[in-house]
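If you're matching them up, the sequences are chains A and B in order. The first sequence begins at 819 in my numbering and counts up by one. The second sequence begins at 819 in my numbering and counts up by one. Heads up, the beta-carbon is just placed ideally off N, CA and C, and yes, glycines get one too.
2 protein chains.
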Amino acid sequence: MAITEITGSSLDPQRFIADQVKAISDAVGSGTAVNALSGGVDSSAVTMLGHRALGDRLKTYFIDNGLMRAGEPRQVVSMFRQLGVPVELHDARAEFLGALEGITDPEEKREAVTQTFYRHVFGRLVRESGAKYLLQGTILTDVDETVAGIKRQHNVFEQLGIDPQEAFGYRILEPLVQLRKDAVRIAGRALGLPAPLFDRIPFPGPALAARVIGEATPERIATVRRATTIVERLLAGTGAFQYMAILHEDRVTGMRDGRRDFGRQIEVRCWDSVDARVAAPTRLPFELLDTLAAEILREVPGAVSVTYNIAPKPPSTIEAV
Amino acid sequence: MAITEITGSSLDPQRFIADQVKAISDAVGSGTAVNALSGGVDSSAVTMLGHRALGDRLKTYFIDNGLMRAGEPRQVVSMFRQLGVPVELHDARAEFLGALEGITDPEEKREAVTQTFYRHVFGRLVRESGAKYLLQGTILTDVDETVAGIKRQHNVFEQLGIDPQEAFGYRILEPLVQLRKDAVRIAGRALGLPAPLFDRIPFPGPALAARVIGEATPERIATVRRATTIVERLLAGTGAFQYMAILHEDRVTGMRDGRRDFGRQIEVRCWDSVDARVAAPTRLPFELLDTLAAEILREVPGAVSVTYNIAPKPPSTIEAV
């Protein structure tokens, strides 16, 4: 099924919102729906659309998968509470980290997060809720990349020939599937999201598991979480499209206290992009790169090396995993 | 035995040369000596000192270990021929690459190169020559780092309590051991070395084997050799102390022709330093970083990602392996 793109410049946000609210209402009828909120602009916009369409008949979960950034679960739930949208925080950390144990292959890692999310954790919540409709924040770039086989996005089924009703027992509604990231931000702002949400940098589903090369152990997730906090704090003011810290598996020679320390490497990526289809490394001032490196080397256990990505997408992708 | 440093600013090059030529003459007497020339400023300066002291009684080998840069063996031999210093090119590629097979640990890799060089290839050449003296380009920084346990330099024995006469059957003379890199360059220039030699960026003994993380297979050496050619050509004009390409073992997600390409990452390092004890990443213009990345992505098979080092030494070291 061909999807008609609505570009950021052609988007009439109020009309788009009205259309999508009506489409959700029509589809769900007098039934109930559920959705999972990650705090990214996509799932935040979907939560607002669903809340407008269904009110209390939408049940929204924030699933703590143990792969979120420092303080993120409570921050997101609290921001939505302030918007009058109830969100239930569900702790599934042990289940996700258990599913990731021993897995090093990037696609298998994404698949483990996907399966744990849909088949197990969220699937269970959906079944318990009795809802037959699932609202999802799939955007057009996710569809493109999954169909092209570049990355297996966690939220694209139909385009891969998977029937979610058959596979998971519910129907999926994807109100943002005609938009790319820039248009979603416009819609999100029009939906009343505060700037930290409509302007939030992308943070894909596999979360910090996609920010470690190799096995996503609890200890390695904790390490990249510390680096992520530093990178996000220092780069928040750059206006860049997306920025991240990546923990490498390769070990490199370093020195501490005058002796060899065979340590870790953290890669920093910061992207200029409109819609994630193509992207270029942001030309950060070297003073800022120095500060980034110094803080990471001081705060991240075992780090002896820090690099900055200088390759564009393509042939790179935004995320390394 | 404490070594008295001669700093670059206090070095009187002509006096230093006269002293060292006399020391070599006195030590070797009417005997013969051998040395191995790598083309780096250290071994080049030693070759010139030995040639002045001993003339035909010094036999100089350039050992092609299969780990050199593109065209390097013939270029170096030809430059010395133009200086009137005969150098014999010895092909030992198969022996070194065989010794590196299956080795991934950095220290074991260095050790494999060291052992192949001293015990086998060069050891054999020395024994065949009948020489009892070996001239070596050890500098003070090598001694410091080896004693501190930061890196096992290939050319430091005495400081580790290893008697080379007992272990390898010859005595080692180290005329540059009081100098650091900046002073060696001054001495090298005074010895008549052309700029491409006295100003050559450092390229340590394990050569390209130290520029791949993980196993140094012939194919991976060939890959990093291509990246090295690009990095050295584009950064030659920067005046930086040292610059290099490093092939990572980690694989990262990229895309080519619209499809996923789970590819290679090349890290570029470019250092500002006086004597390699401390070093800072050179603040290269982003236009140059873009060009570097574009050429590497175009020319190096399988490369989908390029990073630039932003960590200082310490806690980083100049080389990654």
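Rounded separation between residue i and residue j - CA only
i: D1017/A; j: A1028/B; result: 43 Å
i: L867/B; j: V1096/A; result: 56 Å
i: P1024/A; j: L1102/B; result: 34 Å
i: T822/B; j: R870/B; result: 24 Å
i: G858/B; j: D1075/A; result: 29 Å
i: V1030/A; j: A917/B; result: 32 Å
i: M897/B; j: L915/B; result: 26 Å
i: H908/A; j: V944/A; result: 13 Å
i: V846/A; j: P1099/B; result: 58 Å
i: V905/B; j: E890/B; result: 14 Å
i: G1057/B; j: P1012/B; result: 16 Å
i: D837/B; j: V1124/B; result: 47 Å
i: M1062/B; j: L958/B; result: 22 Å
i: D1090/A; j: V903/B; result: 54 Å
i: D960/A; j: R928/B; result: 45 Å
i: T1071/B; j: L1065/B; result: 15 Å
i: P1130/B; j: I1114/B; result: 23 Å
i: E963/A; j: F940/A; result: 24 Å
i: A1005/B; j: Y1126/A; result: 37 Å
i: E919/A; j: A912/A; result: 11 Å
i: G849/B; j: R1003/B; result: 29 Å
i: I824/A; j: E1033/B; result: 49 Å
i: S856/A; j: V965/A; result: 23 Å
Residues that DSSP places opposite residue i in a beta bridge
i: I881/B; result: H908/B
i: K950/B; result: Note: K950/B sits in no beta bridge, so no partner.
i: S1123/B; result: Q1083/B
i: M1062/A; result: R1087/A
i: G1072/A; result: D1079/A and S1134/B
i: V859/A; result: Per DSSP, none; premise fails for V859/A.
i: L876/A; result: A851/A
i: P1099/A; result: W1089/A
i: V1030/B; result: L1065/B
Residue burial classification, residue i (beta-carbon count within 10 angstroms, cutoff 16)
i: P1119/B; result: exposed
i: V1092/B; result: exposed
i: V995/B; result: buried
i: T922/A; result: exposed
i: V1049/A; result: buried
i: E1085/A; result: buried
i: V852/A; result: buried
i: G1055/B; result: exposed
i: Q893/B; result: exposed
i: R1116/A; result: exposed
i: D1022/B; result: Here residue 1022/B is Pro; the residue named in the question, Asp, does not match the sequence. It counts as buried.
i: R1051/A; result: exposed
i: Q900/B; result: exposed
i: G955/A; result: buried
i: V839/A; result: buried
i: A820/A; result: exposed
i: S828/A; result: exposed
i: E946/A; result: exposed
N-terminal and C-terminal residue of the alpha helix (DSSP H) that residue i is part of
i: R1038/A; result: P1036 to L1053
i: E1105/A; result: F1104 to E1117
i: I842/B; result: P831 to V846
i: P891/B; result: E890 to Q900
i: D1000/A; result: K999 to A1008
i: R928/A; result: P924 to Q933
i: E963/A; result: L958 to V965
i: F1021/A; result: Per DSSP, F1021/A belongs to no alpha helix (DSSP H) and is neither H nor E.
i: L1015/A; result: A1013 to F1016
Unbroken beta strand (DSSP E) run spanning residue i, endpoints
i: I990/A; result: R989 to L991
i: A854/A; result: A851 to A854
CB contact check: residue i to chain C, cutoff 8 Å
i: D960/A; result: The question asks about chain C, but that chain is absent: this structure's protein chains are A and B.
**Message:** Short of 7 Å Cβ to Cβ, which residues in the segment 1061-1076 of chain B face chain A?
**Reply:** Correct list: H1066, E1067, D1068, V1070, T1071, G1072, M1073, R1074 and G1076.
**Prompt:** Given a limit of 9 Å on CB to CB distance, which residues of the segment 1029-1043 of chain A reach chain B?
**Reply:** Per Cβ criterion, the list reads I1031 and G1032.
**Asked** At a Cβ cut of 9 Å, what residues of the segment 1121-1133 of chain B count as close to chain A, listed as they run along the chain?
**Response** Within the segment 1121-1133 of chain B, the residues whose Cβ lies closer than 9 Å to some Cβ of chain A are A1121, V1122, S1123, V1124, T1125, Y1126, N1127, I1128, A1129, P1130, K1131, P1132 and P1133, listed in chain order.
**Request:** Determine which residues of the segment 1089-1106 of chain B have a Cβ less than 7 Å from any Cβ of chain A, and write them out in chain order.
**Result:** Against chain A - using a Cβ distance shorter than 7 Å - the residues of the segment 1089-1106 of chain B are R1101 and F1104.
**Item:** Where the segment 915-933 of chain A meets chain B: residues whose CB sits under 7 Å from a CB there
**Value:** The residues in question are P924.
**Prompt:** When you check each C-beta in the segment 889-902 of chain A against every C-beta of chain B, which residues fall closer than 9 Å?
**Reply:** Under the 9 Å Cβ criterion, the segment 889-902 of chain A contributes no residue.
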